[in-house]
Amino acid sequence: MTRPNILFIMTDQQRFDTIAALGNDVIHTPNMDRLVRRGVSFTRGYSTCPVCVAARTTIRTGCDPPTTRVFSNSRSAPVPGQAGTLEGRCGDYLARTLSAMGYRTFGVGKFHTAPWDEDIGYESQLHSEELYASPRQRREEAYAGWIAREHPEFDYIEALMGERTEMYYMPQASPLPAHLTLESWAADRSIEALQQPGDRPFFGFVSFIGPHPPFAPPVPFNRIYDPDRMPGPVRGEKAVDHMDEQIPYMNRIIWADEINDALTRTLKARYYGEITYIDDCLGRILDAVEARADANDTLICFFSDHGDHLGDHTAWQKESFFDVSARVPFLVSWPARLPRDVRRDDLVCLTDLFAIATHAAGQTQVRDGVDVLGAIEGSVSPREHLFGYYGEPGTDRFKIMVRSEDWKYIYLANGGGEQLFNTAEDPAEIANRIETDRDVADGLYRCAVEACGHPGASGALVGKNLRSFPYTRWKASRIYQFDRSRDVRGFPGHPSEVLGPWIRRGRR
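Encoded structure:
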């Protein structure tokens with residue numbers, strides 16, 4: 005049997021409920037809809053650790069946080085008995101694995117590795133990250149370097165993807181025209197890779213940075229949604245919404261602690277504009293796939309690393325286990341082998357992408373995931389429980405989610421708080437049923453304890469119970485995200501500190 009091409013296309017911080025064909029009657033996503041019609045849409049897809057670095061580590065390893073020891077945007081040290089490197093603990097990264105299977109591999113976009121230019125196994129890899137830590141990174145990073153070389157008139161822009169820091173959740177327009185943004189550049193480079201001749205099947209990974217904040221779509225995508233037509237935020241009781249201290253903590257550090265409902269709707273309009281713009285770039289990539297003779301034998305997975313609260317639960321950013329943070333689009337299409345325009349409610353997650361790719365390539369490696377293609381074929385049973393982990397086990401940052409058919413259980417080490425939602429009856433996750441359905445909670449608690457029996461998560465346990473800590477309000481200080489490659493690290497003590505040098509060099 006001929007091995008298919010494999011194309012992974014990823015967005016950053018895209019909620020599960022932002023595709024028109026899957027029920028959003030406000031947003032315009034004709035090309036995501038096209039992917040929905042092309043294959044199978046999993047309506048219960050999750051990020052097992054809903055934050056950028058951890059999610060991407062899961063994707064390229066096929067392993068969950070207890071194995072990777074990445075429970076946040078930082079790495080935890082391996083526990084005794086675990087290998088010292090990620091590939092030592094998990095096995096070869098996905099691109100390296102598929103290269104060894106004879107695939108031509110290429111990667112374009114955001115990979116959020118450490119170091120930023122880490123070799124993760126692609127024959128060709130063009131990095132384009134959000135921030136530049138040094139002059140060397142900005143010079144050598146593929147997209148920023150391209151702007152400097154090919155469009156130097158825009159190289160003065162410090163934040164090519166939009167202003168951050170206090171502007172992180174402020175509606176903006178892109179400082180660049182639509183044909184020069186990172187999303188357009190990534191689409192162009194991906195199309196070039198797709199058009200390369202050769203006898204080997206390809207594995208391509210395209211990773212857009214949007215719609216991650218700041219919400220700065222280019223003209224005209226910045227003005228295609230009227231904020232007054234946007235749905236407002238969904239909230240429950242503050243005692244439930246903010247039981248997870250991560251939420252008020254994140255609101256504070258990313259300058260989102262005083263966003264009112266009117267601004268929330270405006271931000272959602274710009275967020276939707278970003279998604280529609282990415283959808284337009286996606287359409288060009290899909291056109292390039294369809295132009296190939298082997299289009300029907302090209303497996304495409306479309307997904308995101310996590311969502312964004314967007315004001316729901318009076319929360320912003322991600323890093324909680326509410327669905328708006330942890331649930332993601334998860335589309336799988338392979339016209340030669342899979343049914344078209346089908347919805348499935350299997351519990352799937354980003355960990356499973358490794359098995360999808362290796363199954364299609366003919367040498368399935370499930371690792372910590374499940375064989376999703378096998379489940380579609382009927383040869384494998386879907387999982388009964390899905391687990392999510394965040395924060396290092398053994399600290400008050402740790403929390404665990406257990407998702408079953410109709411229920412979601414969340415345990416928070418900070419204070420030993422528990423949440424239980426019936427996701428069938430209460431999809432917005434407003435009513436905490438921990439008291440009324442204690443028998444359900446106890447069963448899922450036992451599942452969580454069993455999951456933490458993994459050596460990499462055992463710090464979360466005290467005997468046969470989950471460890472708890474006295475509830476603590478975490479000290480929150482603002483995050484400053486300026487262009488460190490140009491030695492901009494924060495606001496000045498006095499305006500003259502910035503303006504003096506600017507004036508002396510001729511206001512350029």
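Heads up: the sequence shown is residues 5 to 512, going by my numbering.
Using N, Cα and C, we set each Cβ at its ideal position, and we do this for glycine too.
Does residue i pass the burial test, meaning 16 or more other C-beta atoms within 10 Å, or should it be called exposed?
i, result
"residue 507", "exposed"
"residue 277", "buried"
"residue 439", "exposed"
"residue 367", "exposed"
"residue 109", "buried"
"residue 186", "buried"
"residue 409", "exposed"
"residue 249", "buried"
"residue 330", "buried"
"residue 133", "buried"
Taking 6 Å as the limit between beta carbons, can you name the residues of its chain near residue i, skipping five residues before and five after?
i, result
"residue 73", "80, 82 and 460"
"residue 319", "251 and 313"
"residue 434", "240"
"residue 169", "484 and 485"
"residue 306", "13, 39 and 335"
"residue 146", "130, 131 and 132"
Using C-beta distances below 7 Å, list every residue in its chain close to residue i, excluding the 5 sequence neighbours before and after it, in chain order.
i, result
"residue 380", "44 and 342"
"residue 279", "18, 22, 31, 33 and 215"
"residue 91", "97"
"residue 400", "417, 418, 473 and 476"
"residue 290", "35 and 38"
"residue 298", "9"
"residue 15", "212, 214, 215, 282 and 308"
"residue 117", "124"
With a threshold of 8 Å on Cβ separation, who are the neighbours of residue i within its own chain once the five nearest residues in sequence on each side are excluded?
i, result
"residue 159", "151 and 152"
"residue 144", "121"
"residue 496", "502"
"residue 488", "135, 136, 137 and 138"
"residue 162", "486, 487, 490 and 492"
Hey, residue i and residue j: beta-carbon distance below 9 Å or not?
i, j, result
"residue 218", "residue 254", "no"
"residue 213", "residue 288", "no"
"residue 311", "residue 51", "yes"
"residue 453", "residue 469", "yes"
"residue 272", "residue 234", "yes"
"residue 397", "residue 465", "yes"
"residue 181", "residue 210", "no"
"residue 376", "residue 336", "yes"
"residue 436", "residue 448", "no"
"residue 94", "residue 67", "yes"
"residue 373", "residue 359", "yes"
"residue 352", "residue 60", "no"
"residue 370", "residue 391", "no"
"residue 113", "residue 99", "no"
"residue 208", "residue 191", "no"
"residue 7", "residue 205", "yes"
"residue 13", "residue 64", "no"
"residue 84", "residue 324", "no"
"residue 220", "residue 274", "yes"
"residue 362", "residue 11", "no"
Since residue i is in the beta strand (DSSP E), which residue starts that stretch and which ends it?
i, result
"residue 434", "It is not in any beta strand (DSSP E) - residue 434 carries neither H nor E in the DSSP assignment."
"residue 415", "411 to 416"
"residue 129", "128 to 131"
"residue 406", "403 to 407"
"residue 323", "Unbroken run through residue 323: none, as it is neither H nor E."
"residue 11", "9 to 15"
Over what stretch of residues does the alpha helix (DSSP H) that includes residue i continue unbroken?
i, result
"residue 41", "34 to 42"
"residue 358", "357 to 365"
"residue 318", "Taken as a continuous stretch (DSSP letters only), residue 318 belongs to no alpha helix (DSSP H), as it is neither H nor E."
"residue 396", "Residue 396 -> no alpha helix (DSSP H), and no H or E assigned at all."
"residue 507", "500 to 508"
"residue 65", "56 to 65"
"residue 422", "Element bounds for residue 422: not the alpha helix (DSSP H) but the beta strand (DSSP E), 421 to 426."
"residue 461", "Note, residue 461: premise wrong, no alpha helix (DSSP H); not H, not E."
"residue 380", "376 to 381"
"residue 221", "Run containing residue 221: none; DSSP gives neither H nor E here."
"residue 90", "90 to 94"
"residue 496", "That residue, residue 496, is in no alpha helix (DSSP H); it is neither H nor E in DSSP."
"residue 69", "69 to 72"
Quick one: is the Cβ of residue i within less than 8 Å of any heavy atom of the ligand HEM?
i, result
"residue 494", "This structure lacks the ligand HEM, and indeed carries no ligand of any kind."
Open item on the list: What ranges does the alpha helix (DSSP H) occupy inside the region 226 to 309, keeping only unbroken runs of at least 4 residues that lie completely in it?
Closed with: 242 to 245, 250 to 257 and 265 to 294
- [ ] Please list the segments of the alpha helix (DSSP H) lying wholly inside the region 101 to 145, counting only runs of 4 or more residues, in order along the chain.
- [x] 139 to 144
- [ ] Starting from the N-terminal side, write out each stretch of the beta strand (DSSP E) that is 3 residues or longer and does not extend beyond the region 330 to 354.
- [x] 334 to 337 and 346 to 348
- [ ] Would you mind listing the beta strand (DSSP E) stretches within the region 140 to 217 that are 3+ residues and don't spill past its ends, in chain order?
- [x] 206 to 211
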